[in-house]
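Notes to accompany the following structure.
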């Protein structure tokens with residue numbers, strides 16, 4: 022860490038960098054593994070504003086005539102949404118030494134964003150029963166009345182719809198096959214995921230034996246020796262969303278300082294911390310994932326090859342169609 026900033030530490034002393042990232046456990050992990058060690062190493066001050074991705078997009082857009090944020094950390098959809106508006110500067114990878122170790126597919130939108138973690142939507146299961154090996158398994162008699170399904174308010178429901186379409190011979194562009202497929206899934210549903218603390222108890226007890234969700238959302242409710250497992254060996258793969266860093270165009274902060282901050286988020290040390298604390302997978306190939314986190318985190322080249330990256334802006338554009346048909350299927 023110290024070596025990363027050695028040439029700049031003196032010049033960064035007393036400077037301020039304004040950054041935006043999530044709150045909650047995500048924000049705590051970024052503070053712990055990026056902001057705090059960065060401030061200690063450089064002498065710079067990091068001023069944090071919290072917000073989910075949609076709030077970050079809105080804030081950067083609203084401030085375009087007078088940007089108040091230097092670096093934003095947000096979901097990959099934010100990279101594409103902001104760059105389409107011309108609100109980002111391209112990241113100078115020469116100023117981000119750790120970028121050379123990042124898997125190439127995490128350099129986003131021609132270098133206007135760079136991924137520092139990835140998290141998946143997959144199937145969680147009660148380990149007392151055989152783990153599913155395909156999304157198609159959710160339609161089998163073994164899961165009748167035993168499945169926890171995402172709320173339509175969550176992106177996971179949109180992704181499950183895309184998978185249903187694919188299994189029926191369709192795609193994101195052709196969702197029609199999803200509707201009969203989801204109708205066939207209806208008898209499998211135990212309940213919709215709305216309270217992870219209760220849902221984890223249901224899964225742990227075997228009242229439900231599978232859940233479609235983001236594993237890290239269940240992490241706070243899984244004790245050591247839990248009977249809840251995470252499936253990372255599905256035939257069709259699993260959906261991945263990337264957390265990415267961007268530089269806001271026209272901001273007043275020192276650009277070398279901003280690049281150094283992004284570099285810290287890409288470090289193997291920070292990403293190992295993310296994996297352990299919040300079960301988010303690394304983008305840096307040199308990251309060593311702890312034994313405790315490895316079963317829950319996509320981190321090997323083979324696992325990353327199975328990650329499905331759905332074009333997020335296209336998915337957002339399909340949301341009204343999905344919501345309307347989802348409600349028709351499950352609420353009728």
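Residue numbers (my numbering): 22 to 353. All C-beta atoms in this analysis are idealised placements derived from N, C-alpha and C, irrespective of residue type, glycine included. Bear in mind the structure is a predicted one, so any value in this text is a computation, not a measurement.
Range covered by the beta strand (DSSP E) that runs through residue i
| i | result |
| --- | --- |
| residue 92 | 92-96 |
| residue 152 | It is not in any beta strand (DSSP E) - residue 152 carries neither H nor E in the DSSP assignment. |
| residue 168 | 168-171 |
| residue 138 | 134-147 |
| residue 232 | 231-234 |
| residue 71 | 66-71 |
| residue 299 | It is not in any beta strand (DSSP E) - residue 299 instead sits in the alpha helix (DSSP H) that spans 289-299. |
Spatially closest choice to residue i from the options, by CA coordinates
| i | options | result |
| --- | --- | --- |
| residue 353 | 217, 208 and 74 | 208 |
| residue 112 | 289, 283 and 124 | 283 |
| residue 62 | 289, 285, 348 and 300 | 285 |
| residue 241 | 255, 82, 220 and 253 | 220 |
| residue 171 | 142, 44 and 198 | 142 |
| residue 86 | 70, 106 and 75 | 106 |
| residue 341 | 246, 57, 53 and 174 | 174 |
| residue 67 | 43, 211, 44 and 37 | 37 |
| residue 21 | 189, 93 and 296 | With the chain running from 22 to 353 in the structure shown, residue 21 is simply not present. |
| residue 319 | 252, 256 and 269 | 252 |
| residue 58 | 239, 84, 314 and 291 | 291 |
| residue 244 | 296, 313, 197 and 271 | 313 |
| residue 33 | 327, 298, 160 and 60 | 60 |
| residue 210 | 217, 168, 246 and 75 | 168 |
| residue 177 | 159, 227, 214 and 157 | 214 |
Burial state of residue i, where buried means 16 or more other Cβ atoms lie within 10 Å
| i | result |
| --- | --- |
| residue 316 | exposed |
| residue 35 | exposed |
| residue 24 | A caution first: residue 24 carries a pLDDT of 44, below 50, which makes its placement in the model unreliable, though a value can still be read off. Flag for residue 24 reads exposed. |
| residue 41 | buried |
| residue 281 | buried |
| residue 149 | exposed |
| residue 225 | buried |
| residue 288 | buried |
| residue 13 | Lying before the first or after the last residue shown, residue 13 is absent from the chain, which here runs from 22 to 353. |
| residue 77 | buried |
| residue 309 | exposed |
| residue 350 | buried |
| residue 162 | exposed |
| residue 146 | buried |
| residue 321 | exposed |
| residue 192 | exposed |
| residue 83 | exposed |
| residue 187 | buried |
| residue 197 | exposed |
For residue i, the first and last residue of its enclosing alpha helix (DSSP H)
| i | result |
| --- | --- |
| residue 78 | 74-83 |
| residue 342 | 333-352 |
| residue 123 | Looking at the DSSP string, residue 123 is not in any alpha helix (DSSP H), and its letter there is neither H nor E. |
| residue 269 | Residue 269 -> not in any alpha helix (DSSP H); beta strand (DSSP E) instead, spanning 259-269. |
| residue 40 | No alpha helix (DSSP H) holds residue 40; the beta strand (DSSP E) holding it covers 37-42. |
Beta-carbon separation (whole angstroms), residue i vs residue j, contact threshold 8 Å
| i | j | result |
| --- | --- | --- |
| residue 250 | residue 152 | 6 Å |
| residue 237 | residue 164 | No, residue 237 and residue 164 are not in contact; Cβ-Cβ is about 23 Å, not under 8 Å. |
| residue 50 | residue 294 | 7 Å |
| residue 17 | residue 103 | Shown here, the chain extends from 22 to 353; a query on residue 17 therefore has no answer. |
| residue 261 | residue 139 | 5 Å |
**Item:** Cβ contact (3+ pairs, closer than 8 Å) linking the region 165-185 and the region 228-242
**Value:** With the rule of 3 Cβ pairs closer than 8 Å, the region 165-185 counts as touching the region 228-242.
**Request:** Kindly confirm or deny that the region 93-110 and the region 124-139 touch, where touching means at least three C-beta pairs closer than 8 Å.
**Result:** With the cut-off at 8 Å, the region 93-110 and the region 124-139 touch.
**Asked** Given 8 Å as the limit, is there contact between the region 332-352 and the region 192-205, that is, 3 or more CB pairs closer than that?
**Response** The region 332-352 is in contact with the region 192-205.
**Prompt:** Quick check: the region 329-336 against the region 266-279, are there 3 or more CB pairs under 8 Å?
**Reply:** No, because fewer than three Cβ pairs between the region 329-336 and the region 266-279 fall closer than 8 Å, the two stretches do not touch.
**Item:** the region 112-124 / the region 296-314 touching (three or more Cβ pairs under 8 Å)
**Value:** Touching, yes.
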